Amino acid sequence: MKKIKTQVYLKWVIALIFLVVNFNLYSYICLNGGGRGYVDGGDSIANNTIEAYIIDGAGFYLAAKADIETLLNLIELKDSQGLGYKGLNVVEDNAVAKLKNAIAMYEKLIKEAESTPYNEDVQAKLKAIDYEIFMLSNGLNKVVFDAVSGFLKDGDITGCFKKIQADMKNILGMLQTINGETTLNRLPDLSIIWRLNETCCETSLFGSYVARVFNALPTNR
């Protein structure tokens with residue numbers, strides 16, 4: 000019996016380590032490197048308060064997005080596997096809670112960014128990029144990347160943070176609308192399901208493209 004308990008405990012420890020590792024890995028694909036653009040980060044991201052908020056916000060957002068993907072999967076398979084509204088509501092509640100945490104973290108991020116001067120060296124590097132060539136060479140979605148470059152070519156890093164937070168609030172509103180219907184044991188119109196999926200994809204692409212740009216900036220050695 001003691002051996003079984005030990006094995007169960009070890010499995011939980013391994014699972015926890017896996018979640019922590021993946022939490023940090025995921026954060027590298029949503030706005031990462033943006034902390035370099037402020038004076039407290041110099042030209043690196045080490046010990047950078049703004050970058051820490053970026054990482055935590057990305058972790059919460061991507062965890063919420065994973066729940067949204069589960070929600071979409073359940074709806075997609077409802078005709079072949081049936082649909083339990085109770086389970087659907089649990090997934091929705093989890094996504095809402097994580098998204099609210101992400102929005103709150105971005106509130107801290109934006110407040111910190113607005114009170115911190117930009118790093119002029121990074122500003123110059125952002126303005127020197129040929130964004131058209133960058134987009135073509137990396138095969139990026141033009142509509143989304145145009146939105147990214149619209150901020151970064153002017154050095155408006157904080158604007159990127161505000162854009163992502165606004166998108167998250169939009170996604171939260173859609174989730175709450177869907178939840179209002181499923182708690183009554185009915186699905187909303189398909190149009191909001193499509194919009195939820197598309198908005199999540201566009202938001203993720205926006206964050207990923209910003210991270211790409213900062214990753215491509217040369218660092219001072």
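Residue numbers for the sequence shown follow numbering that gives the first Met the number 0, so the first one is 0 and each next one is one higher. Cβ atoms here follow ideal geometry from the backbone N, Cα and C, with glycine treated the same way. Quick caveat, the model's predicted, so the values are computed rather than measured.
Per DSSP, which residues does Y37 bridge with? Please list them. Numbered from 1 along the sequence shown, position 38 holds the residue referred to as residue 37. Partner(s): Y117.
Sorted by chain position, which residues of the same chain lie with C-beta nearer than 7 Å to N46's C-beta, five sequence neighbours on each side aside? One-based indexing of the sequence shown puts residue 46 at position 47. With a pLDDT of 42 at N46, under the threshold of 50, the modelled position of that residue is not reliable, and the figure given next carries that caveat. Closer than 7 Å at Cβ, skipping near neighbours: no residue.
For the pair the stretch 195–207 and the stretch 112–129, tell me if three or more CB-CB distances fall below 8 Å. no
For the ligand ADP, is there any heavy atom lying closer than 7 Å to the beta carbon of Y208? What this structure holds is no ligand at all, so the ligand ADP is not there to describe.
Suppose the cutoff is 8 Å on Cβ atoms and the five residues either side in sequence are ignored; what does the same chain contact list for T157 look like? Taking the sequence shown and counting its residues from 1, one reaches residue 157 at position 158. The residues are I109, A112, E113.
Pick out the complete alpha helix (DSSP H) segments inside the stretch 99–186, 4 residues or longer, and give them in chain order. 119–127, 130–137, 141–151, 156–181
Shortest alpha-carbon distance to L174 belongs to which of Y130, G32, I54, A63? The residue you call residue 174 lines up with position 175 of the sequence shown. The option with the nearest alpha carbon to L174 is A63.
Pop quiz: L30 and V209 are said to be a contact at Cβ under 8 Å. What is the actual Cβ separation, rounded to whole angstroms? One-based indexing of the sequence shown puts residue 30 at position 31. One-based indexing of the sequence shown puts residue 209 at position 210. Between V209 and L30 the Cβ distance is about 5 Å, and since that is below 8 Å, they are a contact.
Where C200 falls, given that 16 or more other Cβ within 10 Å makes a residue buried: Counting from 1 along the sequence shown, the entry for residue 200 is found at position 201. C200 should be labelled exposed.
For Q122 and D145, I'd like the C-alpha separation in whole angstroms. Here residue 122 is taken as the residue at index 123 of the sequence shown, counted from 1. Here residue 145 is taken as the residue at index 146 of the sequence shown, counted from 1. Cα-Cα distance, rounded: 18 Å.
On a Cα-Cα basis, can you pick out the residue from D120, T176, K161 that is closest to I191? By 1-based counting over the sequence shown, the position of residue 191 is 192. Comparing Cα-Cα distances from I191 to each of D120, T176, K161, the minimum goes to T176.
The alpha helix (DSSP H) enclosing T48, as first and last residue numbers: What you label residue 48 is simply residue 49 of the sequence shown in a count that begins at 1. Element bounds for T48: 48–75.
Taking the CB atoms as reference points, tell me whether A94 and F59 lie closer together than 8 Å. Indexing the sequence shown from 1 puts residue 94 at position 95. Indexing the sequence shown from 1 puts residue 59 at position 60. No, the pair does not count as a contact, with Cβ atoms beyond the cut-off.
Does DSSP put D78 in a helix, in a strand, or in coil? Counting from one through the sequence shown, the residue named residue 78 turns up at place 79. Correct three-state label for D78: helix.
To the nearest angstrom, how far is the alpha carbon of G36 from that of S79? By one-based count along the sequence shown, residue 36 stands at place 37. By one-based count along the sequence shown, residue 79 stands at place 80. Those two C-alpha atoms are separated by around 50 Å.
State the DSSP-derived secondary structure class of L236, mapped to helix, strand or coil. Nothing in the structure corresponds to residue 236, since the chain is present only between 0 and 220.
Distance between K77 and T181 (C-alpha atoms, nearest Å): Working through the sequence shown from its first residue, we reach residue 181 at position 182. Working through the sequence shown from its first residue, we reach residue 77 at position 78. Distance between the alpha carbons of T181 and K77: 13 Å.
Does the beta-carbon distance from G154 to L125 come in below 8 Å? Here residue 154 refers to the residue found at position 155 when the sequence shown is read from its first residue. Here residue 125 refers to the residue found at position 126 when the sequence shown is read from its first residue. Yes, they are a contact pair.
Out of E75, K168, V143, D120, which one is the CA nearest neighbour of L216? Along the sequence shown, read from residue 1 onward, the residue named residue 216 stands at position 217. Cα-wise, what sits closest to L216 is D120.
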